[in-house]
Amino acid sequence: MQPAAFALSIDGRLVRTPETADVINPATEEVICAVPLASKAHLDEAVHAAQVAFKSWRERPLADRQRLVSALGDALEQHHERFVELLITEQGKARAGAEWEIGGAIHWCREIARQSLEDEVVEQDGDEQIISRHTPIGVIGAITPWNFPVLLAIWKVAPALVAGNTMVLKPSPFTPLCTLLLGELANQILPPGVLNVLSGGNELGQWITEHPGIGKISFTGSTETGKRVMQSASVNLKRLTLELGGNDPAIVLADVDAKAIAKDLFWAAFSNSAQFCVACKRLYVHEAVYDDVARELVAYAHTVRMGNGMQPGVDLGPLQNRMQYEKVKDLLQDCQINQQRFLIGGEASAAKGYFIPVTIIDNPPDDARCVTEEAFGPVLPLLRFSDVEEVIARANGTDFGLAASVWSNDLEEAQRIARRLEAGTVWINHAHQFSPHIAFGGHKTSGLGIENSLHGLAEYTNIQTVLQKAGH
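Each residue of the sequence shown is one higher than the one before, starting from 5 at the first, in the numbering used here.
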């Protein structure tokens, strides 16, 4: 796709706009291309198209909707390399990460397309019957972030459409290109108006959350923005799924083999340059193995190459945008001012691109900013503990509750700890395992609702109960 070809998708048509914005390659800080900026009129047109399409889309047989959602996965597969290269260019991730994301999007389309929600017969008594059933909501407004722009879009598109809804999808203004390409391909597969894709700035997000023609918002992003989304959505009591921030703890017990788990711990923290809502952001290590784990993590970090994802052999890319880059630089400066010790890293690169080196901080105090804030960049505090009860309290001592992990050879003890952690997902001896069939959602300020699994599919429906009695 040539840069000039990027356009909005509204009612099955490509729409160009007089106003555009530049998209920046975060590895080079060069302009990739200009993309269209949707106006409020474009949004109104897209919502109207989705409302019209909803009337017939909801009535299509479920098997037909499932087939067409699966066909979106086929289209992604047919254009796999195109999406991978575009994703590397606009998001900054290394090739392996881009291939993982596009492969995941294909898999999610096909697996969600196999899901369905059955009617529940609550009561059947003679000539009386009570049935609870799932009905589609209507037009869904989906707003996606810049860290996994394709996969997290599909997490919303696939279940919403299978459930019988239509959608207006807005990507992050930092990473709109793959999503606009997805919209173009969808125009060739789906009936007009079923999936509309609009790129634009933050004001477009607010217009979507306030729009009276939209019945549900599915948003992935920061907790602060999620709170504003919730306020805006109250105008017509929109349904909400909010997948928000995290300050995810990992707890490493005294019985681990530090060398054996170092690689897995590293990627639990630093995958996608730690631009990952479920990245390990506080690594609590028992004092008996603290020095061993620290040494092995640093040793492994020295084997990982950071750079432009288009170059072979690169494992980690830059931060995606200057705003996030400056935030993480400020966090590192705070560590320096407070004389916290870096085991590795600690200084932003002077080269072109938004590169922050892998940084590990040696046992900072619990009230340090690098511990209390979600860095969303490759900055990891290593925190020493001696008592399990104390570390559970420290791990839970945050307003966030997205994910956590426990690392131990004693599975019974690991499970006991996991059950007491205030998080929507807890992994034991691994991390970042997801599936279309596994429920994912946050506790506390990490979100509302569920993505994936039948619980996630049900998020795109209302419950209707039908009580029937035979006529006389």
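Note that CB positions come from ideal geometry on N, CA and C, so glycine has one too.
Rounded Cβ spacing between residue i and residue j (contact assumed at less than 8 Å)
{"i": "residue 473", "j": "residue 124", "result": "Residue 473 to residue 124, Cβ: 18 Å. No contact."}
{"i": "residue 169", "j": "residue 147", "result": "Actually they are not in contact, since the Cβ atoms of residue 169 and residue 147 sit about 15 Å apart, beyond 8 Å."}
{"i": "residue 246", "j": "residue 460", "result": "Not a contact, Cβ separation roughly 13 Å."}
{"i": "residue 12", "j": "residue 208", "result": "Incorrect: roughly 11 Å between the Cβ atoms, too far for contact."}
{"i": "residue 451", "j": "residue 248", "result": "4 Å"}
{"i": "residue 405", "j": "residue 377", "result": "With 8 Å as the limit, residue 405 and residue 377 do not qualify as a contact, their Cβ atoms being about 16 Å apart."}
{"i": "residue 255", "j": "residue 411", "result": "7 Å"}
{"i": "residue 464", "j": "residue 65", "result": "The Cβ separation is near 17 Å, so there is no contact."}
{"i": "residue 418", "j": "residue 252", "result": "Actually they do not touch by this definition, with Cβ atoms about 16 Å apart."}
{"i": "residue 23", "j": "residue 41", "result": "4 Å"}
{"i": "residue 322", "j": "residue 96", "result": "5 Å"}
{"i": "residue 348", "j": "residue 363", "result": "7 Å"}
{"i": "residue 399", "j": "residue 288", "result": "6 Å"}
{"i": "residue 53", "j": "residue 200", "result": "6 Å"}
{"i": "residue 372", "j": "residue 344", "result": "6 Å"}
Sequence-distant residues of the same chain with beta carbon closer than 7 Å to residue i, five excluded per side
{"i": "residue 379", "result": "278, 285, 332 and 335"}
{"i": "residue 26", "result": "35 and 38"}
{"i": "residue 149", "result": "156, 176, 224 and 225"}
{"i": "residue 109", "result": "80, 154, 155 and 158"}
{"i": "residue 265", "result": "411"}
{"i": "residue 4", "result": "Residue 4 cannot be examined here, being either before or after the span of the chain that is shown, 5 to 476."}
{"i": "residue 422", "result": "410, 430 and 432"}
Beta-carbon contacts of residue i that lie in its chain and below 8 Å, excluding the five residues immediately before and after
{"i": "residue 353", "result": "359, 360 and 361"}
{"i": "residue 20", "result": "11, 12 and 40"}
Of the listed residues the options, nearest to residue i (C-alpha basis)
{"i": "residue 324", "options": "381, 227 and 475", "result": "381"}
{"i": "residue 281", "options": "314, 412, 435 and 260", "result": "435"}
{"i": "residue 10", "options": "186, 104, 172 and 372", "result": "186"}
{"i": "residue 241", "options": "218, 254 and 253", "result": "218"}
{"i": "residue 67", "options": "127, 165, 159 and 268", "result": "165"}
{"i": "residue 308", "options": "297, 299 and 320", "result": "320"}
{"i": "residue 462", "options": "167, 316 and 292", "result": "167"}
{"i": "residue 134", "options": "469, 162 and 271", "result": "469"}
{"i": "residue 33", "options": "327, 128, 368 and 270", "result": "327"}
{"i": "residue 51", "options": "86, 174 and 129", "result": "174"}
{"i": "residue 183", "options": "151, 371 and 212", "result": "151"}
{"i": "residue 204", "options": "180, 420 and 398", "result": "180"}
{"i": "residue 475", "options": "160, 231 and 130", "result": "130"}
{"i": "residue 446", "options": "458, 428, 437 and 222", "result": "428"}
{"i": "residue 339", "options": "374, 267, 104 and 299", "result": "374"}
{"i": "residue 305", "options": "268, 312 and 329", "result": "268"}
{"i": "residue 31", "options": "293, 313 and 99", "result": "313"}
{"i": "residue 231", "options": "466, 458, 471 and 449", "result": "449"}
{"i": "residue 392", "options": "273, 458, 346 and 291", "result": "291"}
{"i": "residue 92", "options": "83, 102 and 357", "result": "102"}
Residue i, DSSP secondary structure in three states
{"i": "residue 150", "result": "coil"}
{"i": "residue 348", "result": "strand"}
{"i": "residue 323", "result": "coil"}
{"i": "residue 343", "result": "coil"}
{"i": "residue 288", "result": "strand"}
{"i": "residue 474", "result": "coil"}
{"i": "residue 434", "result": "coil"}
{"i": "residue 115", "result": "helix"}
{"i": "residue 454", "result": "coil"}
{"i": "residue 459", "result": "helix"}
{"i": "residue 420", "result": "helix"}
{"i": "residue 380", "result": "coil"}
{"i": "residue 138", "result": "strand"}
{"i": "residue 276", "result": "helix"}
{"i": "residue 171", "result": "strand"}
{"i": "residue 281", "result": "coil"}
{"i": "residue 203", "result": "coil"}
{"i": "residue 145", "result": "strand"}
Spatial neighbours of residue i in its chain, beta-carbon cut-off 6 Å, leaving aside the 5 residues before and after
{"i": "residue 49", "result": "14"}
{"i": "residue 142", "result": "58 and 219"}
{"i": "residue 440", "result": "112, 115, 116 and 456"}
{"i": "residue 137", "result": "123 and 468"}
CB contact below 7 Å: residue i versus chain D
{"i": "residue 193", "result": "Given the protein chain composition of this structure (a single chain), no chain D is represented."}
Are there three or more Cβ pairs, one per stretch, closer than 8 Å when the segment 190-210 is compared with the segment 14-24? Touching, yes, given that three or more Cβ pairs across the two stretches are closer than 8 Å.
The segment 65-84 / the segment 100-119 touching (three or more Cβ pairs under 8 Å): Verdict: yes, contact present.
Three-pair Cβ contact test at 8 Å for the segment 230-249 versus the segment 385-394: No: the two stretches stay apart, fewer than three of their Cβ pairs being nearer than 8 Å.
Is it the case that the segment 256-275 contacts the segment 342-353, given that we only count it when at least three CB pairs across the two stretches are under 8 Å? As far as the Cβ criterion goes, the segment 342-353 does not touch the segment 256-275, which means the pair count is below three.
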